[in-house]
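Asker:
Residue numbers (this note's numbering), protein chains in the order written: chain A, 13 to 336; chain B, 1344 to 1793.
#1: Do the stretch 111 to 125 of chain A and the stretch 1616 to 1629 of chain B touch if we need at least three Cβ pairs shorter than 8 Å?
#2: Per DSSP, what kind of secondary structure is residue 22 of chain A in: helix, strand or coil?
#3: Hey, which unbroken runs of the alpha helix (DSSP H) at 4 residues or more fall wholly within the stretch 87 to 130 of chain A?
#4: Have a look at residue 281 of chain A and residue 302 of chain A and give me their C-alpha separation to the nearest angstrom.
#5: Would you decide whether residue 1506 of chain B is buried or exposed? Buried here means 16 or more other CB atoms lie within 10 Å of its CB.
#6: Helix, strand or coil for residue 1627 of chain B, going by three-state DSSP, please let me know.
#7: Measuring alpha carbon to alpha carbon, tell me which of B/1571, B/1436, B/1696, B/1773 ends up nearest residue 1680 of chain B.
#8: Taking the Cβ atom as the reference point for each residue, do residue 1686 of chain B and residue 1630 of chain B lie within a distance shorter than 9 Å?
#9: Under 9 Å, Cβ to Cβ, is there at least one residue of chain A near residue 1632 of chain B?
#10: How about residue 1509 of chain B and residue 1527 of chain B: do their beta carbons lie closer than 9 Å?
#11: Against residue 119 of chain A, what residues of chain B qualify as contacts under a CB-to-CB distance less than 7 Å, listed in chain order?
#12: Thinking C-beta only, is residue 49 of chain A closer than 9 Å to residue 168 of chain A?
#13: What's the C-alpha gap between residue 1651 of chain B and residue 1645 of chain B?
#14: State the CB to CB distance for the pair residue 8 of chain A and residue 173 of chain A, rounded to an integer number of angstroms; the pair is presumed to be in contact (CB under 8 Å).
#15: Buried or exposed: residue 159 of chain A, going by 16 or more other Cβ atoms within 10 Å of its Cβ?
#16: Put residue 1333 of chain B into one of helix, strand or coil per three-state DSSP.
#17: Run down chain B in chain order and give the residues with a C-beta less than 9 Å from the C-beta of residue 101 of chain A.
#18: Between the Cα of residue 1521 of chain B and the Cα atoms of B/1712, B/1443, B/1554, B/1634, which residue gives the shortest distance?
#19: In or out: residue 1569 of chain B buried (at least 16 other Cβ within 10 Å) or exposed?
#20: Does the CB of residue 107 of chain A have a neighbour CB from chain B at under 9 Å?
#21: Could you work out which residues of chain A lie near residue 1623 of chain B, taking near to mean beta carbons separated by less than 7 Å?
#22: Taking the straight line between their C-alpha atoms, what separation do you get for residue 1783 of chain B and residue 196 of chain A?
#23: So residue 1619 of chain B contacts chain A; which residues on that side make the cut at Cβ distance below 9 Å?
#24: Excluding the 5 residues flanking residue 1705 of chain B on each side, which residues of the same chain have their C-beta closer than 8 Å to its C-beta?
#25: Is the Cβ of residue 1787 of chain B closer than 9 Å to any Cβ of chain A?
#26: Is the distance from the Cβ of residue 127 of chain A to the Cβ of residue 166 of chain A below 9 Å?
#27: Is residue 1678 of chain B near the ligand MG, with its Cβ less than 8 Å from a heavy atom?
#28: Output the distance between the C-alpha atoms of residue 1496 of chain B and residue 1474 of chain B, rounded to the nearest integer angstrom.
#29: I'd like to know whether the C-beta of residue 65 of chain A is nearer than 9 Å to at least one C-beta of chain B.
#30: Count the other CB atoms within 10 Å of the CB of residue 1349 of chain B; is the residue buried (16 or more) or exposed (fewer)?
#31: Is DSSP giving residue 141 of chain A helix, strand or coil here?
#32: Verify the CB distance criterion: does residue 1793 of chain B have a CB-CB separation below 9 Å to chain A?
#33: Check the Cβ of residue 149 of chain A against every Cβ in chain B and list those closer than 9 Å, keeping chain order.
#34: Taking the straight line between their C-alpha atoms, what separation do you get for residue 1524 of chain B and residue 1448 of chain B?
#35: What does the Cβ neighbour count give for residue 75 of chain A, buried or exposed, with the cut at 16 atoms within 10 Å?
#36: Please state if the CB of residue 1743 of chain B and the CB of residue 1770 of chain B are separated by a distance shorter than 9 Å.
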């Protein structure tokens, strides 16, 4: 194991944490590198927030270590200058004005009061500085939370679901901000339970499910892995095609309309089978997976509270639309 | 340095909570004070007036007189000799009196020294030497017994020496206007005052509540008649602490709520994680909150109590008998003790807020801690109850807030065992309770997940 000398690197080693009988994090290890946006994705209850709380020293791990720039967070004396974090945008005192909400945080780390005005400007809340946080919309609260994370101009940012609940304009703004912060050389670690939210923002993805790391790869790698060996095609006789292909060992997914995605059979074999059975088909292509699909696949077995999947068939049955 | 940053952060939180913080403390302080001020109308202001027959008196020397009889005197009546700076109500004085109900007393505003004679005839002598005035009594004019010495600091060279009569019985309302109030008449013989012979003059000292008396002189015998009263007024409380113990009870819930909510409002909103992410050394946050809340409560309560006291002083001085020393150590102690006790209550709420995290549980447990020991101790023998009551910050604080004893009788009447602790015991107990709870909270805070 190499010794980290980069003050911006987040290292998590063999992290374990249980709450009562529930194992929240079960031997998690990963490294978050500076200069890029790293997405931390997993279904609700997968252990994302727990991991972030452990990194921030809020909860104590049962085993393992978390280091930011080679040091435990609890040992940082003025942590806001080194790590900016957003855990819950709703965690504001409703009667406190936005400026005061940031001012007390600035005071706690000896930051000058002018930083408050600067970050309010940076997130576009300057006009609302003297308004009470209780009247803020979800989007404004997210901006306020980002402003707090930026107070100490930290090289590392930890953001838990910052996009959650934002309107499209807010999502676009957040994506742009995340990319800009990473381009400045910062470490940007962003969690989400929806891969789609990170589609155009993240460079690197760490997928967690049931407290374990399922994938730790660049976005390009992830996409390629999910796409490999898949064939997409159209057919007007879907049930018969599904039955035929599944019967020959393929995993078939309906992806809307007349579209089928076939996994486990090479393209020429699919063509041969369908032709042999006299089933009409068209538009046979090698499938290019979206990040969302890659994610769904990785977490299929790791969904803690999800409904049983009805969209993926390994044996013939009534096809159901994949909700997109 | 980093602790100072935490204090500044918590101070910012405190004032920016509006109704949840600084304003609430001010309101709690006012709530604790207003009932005390409202209660002042029931503060017993002593009826205190007497007739005085006097003549000038210069330098050191003695006034002596024999009280041969005192007719028509009631329970609060008295007759005797006096040395007084002037006949103004508030002018310093020392009087040696044969009282109707408690024998001979060497008396000034708030102090009485008991003599031994209880009936006429009684020879009485006051001897001045500088600021010190010593009283002597004698049953026969031959054998004298020293009653005691009073010191009247700054007594001028030129004062008045004289004879005092107070009837000690009250008449129907309006009797003074009809000159029909009860009047007593005392006879003095062998009156000696040093210096050239000068005519006696008559004055009413204090607020006249009966018609003015009169006197006659013939052959060295003075017959002085007067109304008025000379009753010691007991433990009159010139601070608001006494009527305040009731007012404390009214102000307490507000202070408990402020202390509890200063912590739990963060937990109910998840804001505590933001706090601990900014300040990983959590005990800094705990200490900073205690300093900010404690400091705010102390300042607000001191101001509120001092304002209440100023109101009381003006109220008493307009009707009372003596100037009140605003900064008398006993008064300062009672005001400061009340402020300290209220602060300890707020800090107890703060500590239990840390321990319970939820407002309902914290407020309920704080209330139980404040009230239960007082209730339990009342049903126990006082020897045990006086220790049980210490478990409550209010019970312990009573040792600090006990009002000053305003009227001193020497020798003091025997005191029974009291459920009120001494200031030392009360103060130390308060420190133990508050620091113990805060220490426990800090220990739990360090170990628990946020």
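Even for Gly, the Cβ is constructed at its ideal location relative to N, Cα and C.
Answerer: According to the data block:
#1: yes
#2: strand
#3: 110 to 120
#4: 24 Å
#5: buried
#6: helix
#7: B/1773
#8: no
#9: no
#10: yes
#11: 1348, 1351, 1352, 1355
#12: no
#13: 10 Å
#14: It is not possible to answer for residue 8 of chain A, since the shown part of chain A is limited to 13 through 336.
#15: buried
#16: Outside the shown range of chain B, which is 1344 to 1793, sits residue 1333 of chain B, and nothing can be said about it.
#17: Simply none; closest approach about 10 Å.
#18: B/1554
#19: buried
#20: yes
#21: 69, 85, 86, 88, 91
#22: 45 Å
#23: 68, 69, 70
#24: 1603, 1606, 1607, 1692, 1695, 1696, 1698, 1699
#25: no
#26: no
#27: This structure lacks the ligand MG, and indeed carries no ligand of any kind.
#28: 6 Å
#29: yes
#30: buried
#31: coil
#32: yes
#33: Within 9 Å Cβ-Cβ: nothing; residue 149 of chain A doesn't reach chain B, min ~17 Å.
#34: 25 Å
#35: exposed
#36: yes
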